[in-house]
Each structure stands twice: as C-alpha cells, then as structure tokens.
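Below is one structure, written out as structure tokens; the observations come after it.
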C-alpha cells in the first residue's frame, strides 16, 4: 500500500491510500467538523472500461497498443461518430482552430489571473479591517450575523449570514434599530432554538460563542468599509485600466478569444449537422475581422435577444446570446442561427425560424439543469421575477404540465456594432450589474430593497448569500477546453482545471487517435497507423474514475473526484456544511461538490 499526499487548502489533514487492488481511498478532515470522506478511483491497469462497445476491427487490430497504453484505447472508444465520420479536411480545420484557441487562452491568462471573485477579493480586506476595529483575530467565514425574522404565522425564520456575506450585502447608513435583542454575532452553526410554549409561541434560544459586539456598530463598520465599492474599483482595474490603450487591449483579448471559440464551434456544428453548408461558410467569414460576411448571397442581420416582454413584465435581455439572420424583409420567419455560449449540446445551431428556436428552447427549459444553465443569461437582480414569469408561461395553471406551444416572447433586436464587440459589451454590463447585487456599494445600499431582494431570491430557490463565492464574471466560452468538451466530454472529468499544456497535449492526442481510427476505416487495419501513434505521458498518467455513474479519465487528485451533481434550487446545507439529497450526501469544497459517505475512523 502506498501513500499519496494531496494538498488542498480546504482540508486540514488530507490522507490518501493507494491500495494494490486499484482503488484510491481518500479521507478528508474538513473544518469546522471532522468529516470522513471516501473517494474511489479505478486504475487503468488491465482492460479499460470503455464507455461503449467498439467495432471489432478496433478491438482486435489495436489490442497490442491498447495493452501498453490503455487510456488511448479508452479515448478511442469514447470518440463520437460525428467526429470520426467527418471529412478529414474538416477535422484538420478543427485542429487548426483549436490551436488558435490555445493561443487566445494564453493571451487572456494575465487578465483572468487578476480577476477575483467577490469573496476572494473581500475576505482578506474584511479580516484585516475587523481586527483593526474590534481587536479580534477572527475567521470572517467561521462566524455569522444572525438576524431574527418571522414568517406569516410568527414562526422564527432566522437569517444566518457569515460576517463576510453580511459585509458584502452591506447596510444603509440610516439603518438604525434594525436588530432586535435576540440578533447576534456568533460562531457559524452555533444557533439552537426550540418551542417551549405553543400557546404563547415562546421559544428557548441558545447561542454558541456569541461575540460581545454591538450590531449597530458592526453595520456602520460595514458601510464605512464599503467592500462593494472596493470591488467595483477592482473590476475597473481589470476591465477599465487608466493606462492609455490598456482598456482596449483587454477588450481585444476577450473579443479575439470569443471569436476563436466560435470558429471551433462552427466546425463542430458542421460535423454534427447542426448547421448547413451555407451557414458554415457564413460563420467562417463572421469570425474574420473586417470581412463583409454573407449568408447564401444575402447580407446579415446581427441581433441580441430579449425575452418575456409583456404588458405585466418588461422582460430581460439575454446577455451573451447572439442571433444571426439574413437581412431580408421578414427575417423572423426565415432560417436563423443562434449562439449560446456553453450550451450543453448545441452552442451553435441553425433553426428554420425564430419560432422554431422558441419551440426548441421551450423543450429544453423543461429541465431543471437547463434552467440553471440558462440563468447565466439573466442578471441576478432580475432572476426571481424572470423565472417566475417563465414558469407561468411553461406551466399554465390550468394544465400543470409543459405547454409545448408556449410563447417565450422572443424579440430579435438588431444592432450595428460588430457582433463580438457587442458580446464583450454584454460581458461587461452583466459583470458590473451582478457584482453590485452580490457586493453592494455603500452609495447604493438601500436596506429595504436589499431585504426584499434576498427574500425574493430565497423564495425562487436561489441563495444570494452563497453567490459571492460562486460569482466570477461570465467569460463566454472557456476557449481552451471548448473542443475538448464537445468531442470527449464522456471520456474526461475535471479537465476545466487542467493546465494550458495539459489541454494542448490531450487535444493533440485525441486528434491523433481520431486520424488513426479514420485510417482504420480506409485500410481495415490500424496496425500501421498505431505504429506511428506516439503515446502521451499525460494521458497515460490519468486514472479511471467513476463519477456520477460513469467511468472517466481524470488526474489522480482529489479535485478530479468532483461530482457533476447540481444543488437543487432551495436546498440548504446541513449543520456540517454538507448537502443531502435523494439519500446521498455531497461536500462543497473550492467551488466543487464531492460525493461523501459515512466511514470508519482511520485512527
């Protein structure tokens, strides 16, 4: 039995034991409580667990190579037919475009590295300021502000925020007498209360590690510190630097990156049959700067999309979505192309008309996971009302089932600016407006509006109090992995965290494998081709892991065991900080979720 040390900032004592039988057992002790967590990985020694059956010619002719390099065989079995059956020239074009995305990603790296989430930016500032004001060395995420609230029947419904969450949400300067005598600052999870007299609705309350800090002083302290205002300055330093030409340079790397990602997606959409040859040629022109693109000999009409504009609701702009139509008299009834970054199946797709896109979107929005994905296009402050209106459209009261003919009131709003410049404008607009919802500047802190927004988000199943740690500005397609995701998402796990060089090596190996398989189709054997296939040290270093019910390749680290499970709307963590759903338990750590189960102590 060998031991492997895995370093992770969220763990106090990481311990992993690699057993001879091929399973990697990891115990993590997290704070504030010791929780024994076990992950299991399956090594690739022996026969690879292919995700699907392979043609016999692949299995027999490639057997000698697969024995020595099992991960290559695993990848071969996971490649989709639409990629393998694509013309060689199209695969070569995809490979060349992917190389461009790698360069774009590298150019964008310095900007991404400077861009911090609201939580990462604010935590050290609050910790230092809190110590200077209250002379307490405190973990601002281990202590919370607990404010008593009551529901319609006067049953207690306390609002519990970590000190970091409370400071980010801020307080109005005129906020006085907001706190009742039972509100307090105490250790996170330190509140207990229970009913002792139902007739008089009396409760007994217990606090653990309650701090002797005046809450009005704390509110004033947060307002003066103005973490929201400081975070706006941080965003300005990234997106709007004062150095001459610097802001334009930042915009250029984002715009070039989005353009390169769309070029990759155009090749893939053509391989999948999601677009016509005419639309494909049009897109290859659209991604070239200063080229007058046409679609079937006609000019183009670029539009942003607006949704659910009715007499009772003004609707919302879908930030980051792009609609391309032909510049004709009645464009809405003619073919259109829709770009929705990171859409799970068809980020670039052609539809017969705008109504056809509407109907496709209705079917997709019937899924909880798709609605969570779709929320990226709607500003956080508008989300509660938007999704409430959407629900009433999708599920009319009289039907209680999906109305497949629902009208989403999609409006194509044409613009004259180059399309990728508009997408960058969308990025900036949504980044700034969402950041002001998550980290409220003192200049706009309105206590009543703040309380109403928190309540509305909670009622709609969203939790703004946890959003600060998750909020990182939407950057369109994750360029370096866009091709990897579309082609081999069933083969790899946690590839979003791979280094630039690892992504490049993996995609090159995938391309080489595909070319070898293509030769199999031509000559009926892969023996000669495999002799020329160089093994990848990185690919063969990966281990097979069972994640979310399927086997995939990932790094032999804790991060690679993250589950694809998404926390259902409205589900709150238990006192240990774990999410429990459908008789299963997940640990949130570093923005990921890990499946955990009770285990025996290792001591």
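Numbering (our numbering), first residue to last: -16 to 586. Backbone N, C-alpha and C fix where the C-beta goes; we use that ideal spot for every residue, glycine too.
Quiz item: So residue 180 is in the beta strand (DSSP E); what residue range does that whole segment cover?
Solution: 174 to 180
Quiz prompt | Cβ neighbours of residue 506 in the same chain (closer than 6 Å, five flanking residues each side left out) | solution = With a pLDDT of only 46 at residue 506, under 50, the local geometry of the prediction cannot be trusted, and the value read off the model is given with reservation. Closer than 6 Å at Cβ, skipping near neighbours: no residue.
Quiz item: Helix or strand or just coil, what does DSSP make of residue 142?
Solution: strand
Quiz item: Which residues in the same chain have their Cβ closer than 6 Å to the Cβ of residue 568, if we skip the five residues on either side of it in sequence?
Solution: 561, 579
Quiz item: Is residue 507 helix, strand or coil by DSSP?
Solution: Because residue 507 carries a pLDDT of 45, less than 50, the predicted location of this residue cannot be relied on, and the following value inherits that uncertainty. Residue 507 falls in the coil class under three-state DSSP.
Quiz item: If we count the other Cβ atoms within 10 Å of its Cβ and call it buried at 16 or more, is residue 56 buried or exposed?
Solution: buried
Self-check item: Outcome for residue 303 when other beta-carbon atoms lying within 10 angstroms are tallied against a minimum of 16
Solution: buried
Quiz item: Nearest chain C C-beta to residue 534 closer than 7 Å, yes or no?
Solution: The structure shown contains no chain C; it holds only a single protein chain.
Quiz item: From this set, 555, 427, 499, 546, which residue's C-alpha is nearest residue 156's C-alpha?
Solution: 427
Practice problem: Work out the CA separation of residue 393 and residue 341 for me, nearest whole Å. | Solution: 7 Å
Exercise. Measure the alpha-carbon distance for residue 76 versus residue 250 and round it to whole angstroms.
Key: 7 Å
Quiz item: Taking the runs of the beta strand (DSSP E) that are 3 residues or longer, which of them lie wholly in the stretch 248 to 332?
Solution: 283 to 290, 305 to 309, 319 to 322
Quiz item: Considering only C-alpha positions, which residue in the set 376, 399, 380 is nearest to residue 388?
Solution: 376
Practice problem: Buried or exposed for residue 241, please, with buried defined as at least 16 other CB atoms from any protein chain shown within 10 angstroms of its CB. | Solution: buried
Quiz item: residue 403 and residue 168: beta carbons closer than 7 Å?
Solution: no
Quiz item: According to the Cβ coordinates, are residue 483 and residue 522 closer than 7 Å?
Solution: no
Quiz prompt | From 324, 193, 294, 179, residue whose alpha carbon lies closest to that of residue 246 | solution = 324
Exercise. Please work out which residues of its chain come closer than 6 Å, Cβ to Cβ, to residue 363, disregarding the five sequence neighbours upstream and downstream, and give them in chain order.
Key: 417, 420
Exercise. Give the secondary structure of residue 537 by DSSP, where H, G and I count as helix, E and B as strand, and everything else as coil.
Key: strand
Exercise. Kindly list the residues whose CB is nearer than 7 Å to the CB of residue 385, restricted to its own chain and excluding five residues on each side of it in sequence; keep chain order.
Key: 349, 377, 378
Quiz prompt | N- and C-terminal bounds of the beta strand (DSSP E) containing residue 170 | solution = 167 to 170
Quiz item: Terminal residues of the continuous alpha helix (DSSP H) containing residue 372?
Solution: 366 to 377
Quiz item: Closest to residue 177 by CA distance: which of 183, 170, 187 is it?
Solution: 187
Quiz prompt | Rounded distance between the beta-carbons of residue 300 and residue 308, thought under 8 Å | solution = About 17 Å separates the two Cβ atoms, so there is no contact after all.
Quiz item: Using the C-alpha atoms, what's the distance from residue 336 back to residue 257?
Solution: 14 Å
Quiz item: Which of helix, strand or coil does DSSP assign to residue 569?
Solution: strand
Exercise. Assign residue 535 to one of two classes, buried (16 or more other C-beta atoms within 10 Å of its C-beta) or exposed (fewer than that).
Key: buried
Exercise. Would you kindly work out how many angstroms separate the C-alpha atoms of residue 368 and residue 346, rounded to a whole number?
Key: 21 Å
Quiz item: Does the separation of the CB atoms of residue 470 and residue 58 fall below 7 Å?
Solution: no
Quiz item: residue 397 by DSSP, collapsed to three states: which one?
Solution: strand
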